[in-house]
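Chemist:
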């Protein structure tokens, strides 16, 4: 019998993909952002950076775990999004290994990822018997510090949501399924 969380993951469009440590619930989407890049006069990015963002539970208690890991790559004006959902606690090891496979060779881009996302992933690796170095990227650019330098005098805060609205004019809806 399937657990309610596994059934719910399927209802949200996540499919189980078998990894060596077990199933990982993943969904993928491709978005054409070429026109947006042209509007911003954005040159192609070198080396195909990998964008990472996590959503975590346990923030209030300090016992953090990533329940959703989002990864994105832009190739030829198409943004390839991949989300990994932790449908149940037993799947955490498989999720961490799936994420590590992509992160460790990447030029990683995050927003507050150095202080938050990567620390959560590293601590969960340790809790699952993995060496935290498996989630260390080849290179890491955290956009929070440059955003603070550029916008601290004009924005009331530099949270990602605030910068998205004030600078990009993007008001995101529910980003967590």
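Residue numbers (the working numbering): 17 to 193.
Where is the CB? At the ideal position from N, CA and C, for every residue including glycine.
Since the model is a prediction, treat every value here as computed from it, not as a measurement.
Once you ignore the five residues that flank residue 138 on each side, which residues in its own chain have a CB closer than 7 Å to its CB?
Modeler: Taking the first residue of the chain shown as 1, we reach residue 138 at position 122. Result list for residue 138: 148, 151, in chain order.
Chemist: Within this structure, are the beta carbons of residue 118 and residue 87 separated by less than 8 Å?
Modeler: Residue mapping note: residue 118 aligns to position 102 of the chain shown, counting from 1. Residue mapping note: residue 87 aligns to position 71 of the chain shown, counting from 1. Yes. Within cutoff.
Chemist: Identify the residues that DSSP records as bridge partners of residue 41: which are they?
Modeler: Counting from 1 along the chain shown, the entry for residue 41 is found at position 25. DSSP, once it has assigned bridges, lists 32, 101 as partnering residue 41.
Chemist: Rounded C-beta distance between residue 57 and residue 81? I'm assuming under 8 Å.
Modeler: In the chain shown, counting from the first residue as 1, residue 57 sits at position 41. In the chain shown, counting from the first residue as 1, residue 81 sits at position 65. Not a contact, Cβ separation roughly 40 Å.
Chemist: Provide the residue span of the alpha helix (DSSP H) that contains residue 50, from first to last.
Modeler: For the purposes of this step, residue 50 is identified with residue 34 of the chain shown, where counting begins at 1. Per DSSP, residue 50 belongs to the alpha helix (DSSP H) from 50 to 55.
Chemist: Residue 157 bridges to which residues according to DSSP?
Modeler: The count along the chain shown starts at 1 and reaches residue 157 at position 141. DSSP output for residue 157 lists 125 as bridge partner(s).
Chemist: Quick one: grab the DSSP three-state call for residue 74.
Modeler: The residue labelled residue 74 in the question sits at position 58 within the chain shown. The answer is coil: DSSP assigns residue 74 none of H, G, I, E or B.
Chemist: Does DSSP put residue 46 in a helix, in a strand, or in coil?
Modeler: On the chain shown, position 30 is the one that residue 46 refers to. Strand at residue 46.
Chemist: Compute the Euclidean distance between the alpha carbons of residue 51 and residue 143, then round it to the nearest angstrom.
Modeler: Translated into positions along the chain shown, residue 51 becomes position 35. Translated into positions along the chain shown, residue 143 becomes position 127. Their backbone Cα atoms lie some 43 Å apart in a straight line.
Chemist: According to DSSP, is residue 67 part of a helix, a strand, or is it coil?
Modeler: Counting from one through the chain shown, the residue named residue 67 turns up at place 51. Here residue 67 sits in strand by DSSP.
Chemist: Pick helix, strand or coil for residue 171, following the three-state DSSP scheme.
Modeler: For the purposes of this step, residue 171 is taken as the residue at position 155 of the chain shown. Three-state result, residue 171: coil.
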